[in-house]
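Here my numbering is used: position 107 in the sequence shown is 107, and no number is missing along the way. Even for Gly, the Cβ is constructed at its ideal location relative to N, Cα and C. To start, the structure under review is shown below, and the notes come after it.
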Amino acid sequence: MTIDSGDTAWLLMSSAMVLLMTVGLSFFYGGMVRSKSVLNMMMMSFGSMATVGVSWVLWGFGLAFGPSWGGLVGDPRDLLGLDDLLSPKAISGTVPAMAFVLFQAAFAIIAVALISGAIADRAKFSTWMVFTVVWATVVYFPVAHWVFAFDRQDFLGRPIQGGWIANSVRAIDFAGGTAIHICAGAGALALVFVVGNRHGFGSDPMRPHNLTLVMLGAGLLWFGWFGFNAGSALGAGTTAAVVAVNTLAASSAACCAWLVVEHVRDGRATSLGAASGVVSGLVSITPGCHAVTPVGAVAIGALTGVACASTVGLKHRFGYDDSLDVVGVHLIGGLVGTVLIGFFASAHAPAGVDGLLYGGGFDQLWRQVVGALVVLVVAFVATLLIGFALHRLWGFRVDREAELEGVDVVLHAESAYELKV
1 MTIDSGDTAW LLMSSAMVLL MTVGLSFFYG GMVRSKSVLN MMMMSFGSMA
51 TVGVSWVLWG FGLAFGPSWG GLVGDPRDLL GLDDLLSPKA ISGTVPAMAF
101 VLFQAAFAII AVALISGAIA DRAKFSTWMV FTVVWATVVY FPVAHWVFAF
151 DRQDFLGRPI QGGWIANSVR AIDFAGGTAI HICAGAGALA LVFVVGNRHG
201 FGSDPMRPHN LTLVMLGAGL LWFGWFGFNA GSALGAGTTA AVVAVNTLAA
251 SSAACCAWLV VEHVRDGRAT SLGAASGVVS GLVSITPGCH AVTPVGAVAI
301 GALTGVACAS TVGLKHRFGY DDSLDVVGVH LIGGLVGTVL IGFFASAHAP
351 AGVDGLLYGG GFDQLWRQVV GALVVLVVAF VATLLIGFAL HRLWGFRVDR
401 EAELEGVDVV LHAESAYELK V
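Set out below in structure tokens:
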């Protein structure tokens with residue numbers, strides 16, 4: 001294979017779009033919290049960009065994409081610091097290996113940042129920063145290896161083994177439904193149990209303080225997601241184009257479905273619902289965006305919009321304070337989108353696989369269910385252990401007075417809005 005300048009340009013641009021998604025996430029989450037903790041919320045996303053970016057370069061890429069140790073994790077030794085990938089001979093398909101490194105780094109960053117929304121308003125920033133490194137290393141990098149690392153030639157042309165879900169189970173996850181959204185959603189749920197509920201949860205109003213920021217963040221996420229999904233084609237061709245259309249179709253359908261649920265249930269459609277609907281649809285189409293037709297993408301998006309809109313309120317029924325609905329949108333959306341591939345996959349799409357509704361039987365469906373459930377359980381249990389360990393060592397939660405006063409002032413000595421004249 002030789003390097004293609006068009007494919008390289010597309011992947012570099014997609015990498016920048018995915019990095020912008022984490023900035024969009026900071027606005028999305030920042031607008032949803034109370035005004036006294038908006039800066040802390042945004043800092044948790046920016047902090048993830050800093051710590052995971054360094055970890056990825058030093059050892060993370062090797063753990064995710066190095067030669068496999070039994071299908072469980074990559075051998076990082078040859079890829080520590082990425083020196084071996086500086087050569088023009090180091091390529092991934094038709095792009096330089098370093099372009100692939102950058103693209104996957106952006107995935108790792110947002111996977112970690114997503115978790116922060118579940119523990120908004122009450123987490124110690126210092127402990128969060130440690131958590132980002134530990135969680136990425138222990139949970140995300142190995143899971144990314146399971147899902148994204150295929151048996152192949154390595155970046156220098158040597159045959160290597162990849163991860164077990166990609167090669168043995170053969171579950172479809174084109175751009176991260178299991179590796180990112182189910183993984184982060186399950187981790188978010190576990191961390192809620194470690195940190196506990198906010199003071200006043202269930203009794204005090206905790207409405208979003210700035211829905212304009214929420215809509216801006218959702219728009220940036222929507223834009224960046226085309227790089228997230230279509231960029232995963234690693235080239236500017238038919239697959240990328242199909243994926244882009246499916247991404248639009250699913251997110252639009254999910255937005256419509258969420259608004260319909262709100263209108264029927266509450267008598268009104270909200271801007272927060274529109275933004276959340278878009279994101280839920282983007283989550284759901286991520287794993288199968290190259291495996292379904294545009295009509296299948298509409299169906300997946302619509303079903304996910306209904307499912308997520310109907311389940312985000314379960315936190316009040318069951319009493320767990322998932323502050324910004326990471327579980328309700330990313331875990332549920334990731335599960336629904338991953339499993340529905342087993343129904344809606346079509347051999348007409350680039351993946352070339354038929355699901356149950358297209359005559360493929362249950363073969364792909366069981367693979368999707370196994371991949372989703374394994375990642376869910378492993379991410380939940382591992383995050384629970386990591387969270388409790390850090391909580392015991394340094395404490396994961398600010399004290400009551402700091403939470404009530406606001407973590408922006410207490411932890412950062414700053415305020416998002418200086419309104420005094």
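Assigned with DSSP and collapsed to three states, glycine 333 falls in helix. DSSP, read as helix, strand or coil, puts valine 312 in coil.
Less than 9 Å separates the beta-carbon of alanine 64 from that of histidine 145.
Assignment of alanine 123 by DSSP, reduced to helix, strand and coil, places it in the strand class.
In its chain, beyond the 5 residues on either side, Asn197, Gly202 have a beta carbon closer than 8 Å to the beta carbon of glycine 319. Between the alpha carbons of threonine 132 and valine 112 lies a gap of roughly 6 Å.
Around the C-beta of leucine 191, 16 or more other C-beta atoms lie within 10 Å, and the residue is accordingly described as buried. The C-beta distance from alanine 250 to serine 284 rounds to 6 Å, short enough to meet the 8 Å contact threshold.
Taken atom to atom, the span from the alpha-carbon of alanine 99 to that of arginine 265 is near 46 Å. Under the three-state reduction of DSSP, glutamine 364 is assigned to helix. With fewer than 16 other Cβ atoms inside 10 Å of its own Cβ, proline 205 counts as exposed. The Cβ atoms of alanine 166 and phenylalanine 148 lie closer than 9 Å to each other. By the Cβ neighbour-count rule, serine 14 is buried, with 16 or more other Cβ atoms within 10 Å of its own.
With fewer than 16 other Cβ atoms inside 10 Å of its own Cβ, phenylalanine 362 counts as exposed. Under the three-state reduction of DSSP, arginine 152 is assigned to strand. In the structure shown, the three-state DSSP call for valine 57 is helix. For the pair glycine 177 and threonine 286, the CB atoms are nearer than the 9 Å cut-off. When only Cα atoms are considered, alanine 230 and glycine 224 end up about 10 Å apart. The C-beta of leucine 19 has 16 or more other C-beta atoms within 10 Å across all chains shown, which makes the residue buried. When Cβ pairs closer than 8 Å are counted between the two stretches, the segment 351 to 367 is seen not to touch the segment 321 to 334, the count staying below three. Counting the other Cβ atoms within 10 Å of the Cβ of leucine 86 gives fewer than 16, which makes it exposed. Between glycine 66 and the set Val95, Phe150, Met42, the nearest pair of CA atoms involves Phe150. Counted as a single uninterrupted DSSP element, the stretch harbouring valine 292 is not any alpha helix (DSSP H), since DSSP gives it neither H nor E.
Within the model, the alpha-carbon separation for alanine 240 versus phenylalanine 141 is close to 25 Å. CA-to-CA, the gap between isoleucine 341 and alanine 90 works out to about 34 Å.
A straight line joining the alpha-carbon of proline 76 with that of aspartate 84 spans about 12 Å.
Judged by beta-carbon spacing, valine 130 lies beyond the 9 Å limit of tryptophan 222, meaning their Cβ atoms are not closer than that value. Inter-segment contact for the segment 345 to 357 and the segment 321 to 329 is absent: fewer than three beta-carbon pairs are separated by less than 8 Å.
The DSSP assignment places 141 to 148 as complete runs of the alpha helix (DSSP H) inside the segment 138 to 188, in order along the chain (cut-off: 4 residues). Linking leucine 189 to aspartate 4 through their CA atoms gives a straight-line distance of about 42 Å. Buried is the label assigned to methionine 17, since at least 16 other Cβ atoms lie within 10 Å of its Cβ. Checking the DSSP bridge columns, you'll see serine 68 partnered with Gly74. Short of 6 Å from the beta carbon of serine 232, and not among the five residues preceding or following it, lie these beta carbons of its own chain, in chain order: Phe174, Ala175.
Leaving aside the five residues that flank isoleucine 109 on each side, the residues in its chain whose CB is nearer than 6 Å to its CB run, in chain order, Thr22, Ser48, Met49, Val52.
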